[in-house]
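Working notes, structure below.
2 protein chains.
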Amino acid sequence: MVDRTTTAIGTGGESLLFLTDDQLRSGIEAMFFAYRGFTADPDRILQHYGYGRAHHRAVHFIKRNPGTTVTNLLNILGVTKQSLNRVLRTLMHDGWVESRVGIKDKRTRHLYLTDKGTALERDLSEAQKRRVRNAFRTAGPEAVAGFRKVLEHMMDPDLRHHYHATLEGTR
Amino acid sequence: MVDRTTTAIGTGGESLLFLTDDQLRSGIEAMFFAYRGFTADPDRILQHYGYGRAHHRAVHFIKRNPGTTVTNLLNILGVTKQSLNRVLRTLMHDGWVESRVGIKDKRTRHLYLTDKGTALERDLSEAQKRRVRNAFRTAGPEAVAGFRKVLEHMMDPDLRHHYHATLEGTR
DNA sequence: TTGGAAAGTCAACAAAGCTGACTTAAAATT
DNA sequence: AATTTTAAGTCAGCTTTGTTGACTTTCCAA
Chain X
1 MVDRTTTAIG TGGESLLFLT DDQLRSGIEA MFFAYRGFTA DPDRILQHYG YGRAHHRAVH
61 FIKRNPGTTV TNLLNILGVT KQSLNRVLRT LMHDGWVESR VGIKDKRTRH LYLTDKGTAL
121 ERDLSEAQKR RVRNAFRTAG PEAVAGFRKV LEHMMDPDLR HHYHATLEGT R
Chain Y
1 MVDRTTTAIG TGGESLLFLT DDQLRSGIEA MFFAYRGFTA DPDRILQHYG YGRAHHRAVH
61 FIKRNPGTTV TNLLNILGVT KQSLNRVLRT LMHDGWVESR VGIKDKRTRH LYLTDKGTAL
121 ERDLSEAQKR RVRNAFRTAG PEAVAGFRKV LEHMMDPDLR HHYHATLEGT R
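Here the protein sequences come in this chain order: X and Y. Our numbering puts the first residue of the first sequence at 1, with every later residue one more than the last. Our numbering puts the first residue of the second sequence at 1, with every later residue one more than the last.
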């Protein structure tokens with residue numbers, strides 16, 4: 001019943017048991033269930049404010065890249081202009097985010113969190129970090145290094161630089 | 001600018017550099033970008049068939065638990081009955097999934113993939129496994145072990161048994 | 001035999017994504 | 001100077017996937 005063979009043996013003849021179909025399937029399910037946990041806490045908070053996950057993502061990346069332009073955010077988030085615009089409009093209307101016209105290029109709008117927005121972001125990220133911190137602490141530093149390594153290679157190569165960009169100066 | 005302190009030092013005084021706020025934030029972003037990649041390939045295929053991610057999840061877990069009941073699937077997927085029902089209805093109508101009335105308990109419906117459905121599931125999971133396999137192979141077995149360990153601790157404890165259940169007999 | 005659990009249906013709605021067409025303003029290029 | 005391109009934003013309309021609440025049918029079990 002259990003398939004241990006399909007991708008178990010590499011061309012070089014090494015055992016590679018971690019690449020069996022069953023290992024891959026269970027890795028896939030781990031991603032599915034872990035992502036559910038990963039978003040659960042912020043989702044609960046957002047619901048209280050009347051926002052969704054899209055708002056969280058926008059607020060997160062504005063916090064990490066203060067003064068980012070709309071186009072840049074579009075590239076990071078990988079959604080359409082209309083979709084992001086809807087989110088940004090409500091965030092600005094409700095006073096969490098503000099946009100300033102660019103000085104060099106007056107077509108661009110630079111996005112910033114207001115004080116209120118900074119507090120919301122802290123709420124959301126604290127909830128999320130609490131869970132990630134627990135998982136990291138329980139699993140230990142070597143597991144965390146492996147976790148990072150696998151995730152990095154799971155990303156789309158075109159998007160990987162957004163991940164790296166935010167680590168500039170931290171390693 | 002870069003905060004290395006907030007959660008860097010544990011109560012015992014150990015270094016715990018892997019738990020700095022920056023490490024946690026970048027771990028969070030790794031999850032975000034990796035999950036995008038993780039779903040990208042199946043999403044592309046599903047779009048071709050006119051289905052969405054919810055269909056993939058249903059088909060995946062019916063494949064792994066043939067004969068599962070609707071209620072069981074509800075618990076695994078964590079959605080409402082109505083939401084799942086809409087998906088199952090289209091899958092059954094289009095001939096990918098069939099439901100058989102329970103013998104012991106005729107109220108229950110047991111779900112199975114048809115031959116057609118099995119082929120679709122293979123298409124989807126092959127695409128997804130290709131990416132996970134690449135990531136696993138590139139990162140190596142120790143990284144994969146760490147990846148699993150972290151993800152397992154990121155799940156909701158209530159949901160963790162679904163992940164374990166599917167590994168029964170494989171370890 | 002009656003109460004309640006399991007499954008399914010219907011209606012109505014919301015969040016968040018999409019396409020396509022369009023405007024305005026500013027920058028860049030010809 | 002005129003034209004083209006780019007950045008941002010808007011409008012209309014659509015899809016997927018989730019939600020709640022009310023309801024029926026079936027049928028097991030106390």
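A virtual CB, placed ideally from N, CA and C, is assigned to each residue, including glycine. Note that this is a predicted model, so its numbers are computed, not measured.
Beta-bridge pairing of R100 of chain Y - partner residues as DSSP gives them: Y:H110
Selection from Y:A119, Y:L84, Y:Y35 that minimises the alpha carbon distance to G95 of chain Y: Y:A119
Boundaries (first-last residue) of the alpha helix (DSSP H) holding M155 of chain Y: No alpha helix (DSSP H) contains M155 of chain Y, which DSSP labels as neither H nor E.
Three-state secondary structure (DSSP) of T20 of chain X: coil
Cα-Cα separation between L46 of chain Y and L124 of chain Y, rounded to whole angstroms: 8 Å
Chain Y contacts from the stretch 20-48 of chain X (Cβ-Cβ distance under 8 Å): D21, D22, Q23, L24, R25, S26, G27, I28, E29, A30, M31, F32, F33, A34, Y35, R36, G37, F38, A40: these are the residues of the stretch 20-48 of chain X whose beta carbon lies less than 8 Å from some beta carbon of chain Y, given in chain order.
Beta-carbon proximity list for G102 of chain X, same chain, < 8 Å, skipping 5 on both sides: Sequence-distant Cβ neighbours of G102 of chain X in its own chain, meaning closer than 8 Å and more than five residues away, are T69, T108, R109, H110.
Simplified DSSP state of T68 of chain X, which is helix, strand or coil: Three-state result, T68 of chain X: strand.
With 16 other Cβ atoms within 10 Å as the buried cut-off, status of P66 of chain X: exposed
Beta-carbon contacts of H162 of chain Y that lie in its chain and below 6 Å, excluding the five residues immediately before and after: I76
Secondary structure of G37 of chain Y, DSSP reduced to three states: helix
Contact list for N134 of chain X against chain Y, beta-carbon separation under 8 Å: The answer, in chain order, is H153.
Simplified DSSP assignment, three categories, for T80 of chain X: DSSP places T80 of chain X outside both helix and strand once states are collapsed to three, so it counts as coil.
Spatial neighbours of R160 of chain X in its chain, beta-carbon cut-off 8 Å, leaving aside the 5 residues before and after: E152
Residues, ordered as in the chain, of the stretch 74-93 of chain Y that lie near chain X by beta-carbon distance below 7 Å: G78
Three-state class that DSSP yields for Y49 of chain Y in the structure shown: If DSSP states are grouped into helix, strand and coil, Y49 of chain Y belongs with the helices.
Inter-residue spacing [alpha-carbon to alpha-carbon] between R86 of chain Y and V87 of chain X: R86 of chain Y and V87 of chain X have their C-alpha atoms roughly 28 Å apart.
Residues that D156 of chain X contacts on chain Y, provided the C-beta gap is smaller than 9 Å: F33, R36, G37, A40
Pairwise C-alpha distance: F33 of chain Y and T71 of chain X: 18 Å
Where the stretch 104-137 of chain Y meets chain X: residues whose CB sits under 7 Å from a CB there: Q128, K129, R131, V132, R133, N134, A135, F136, R137
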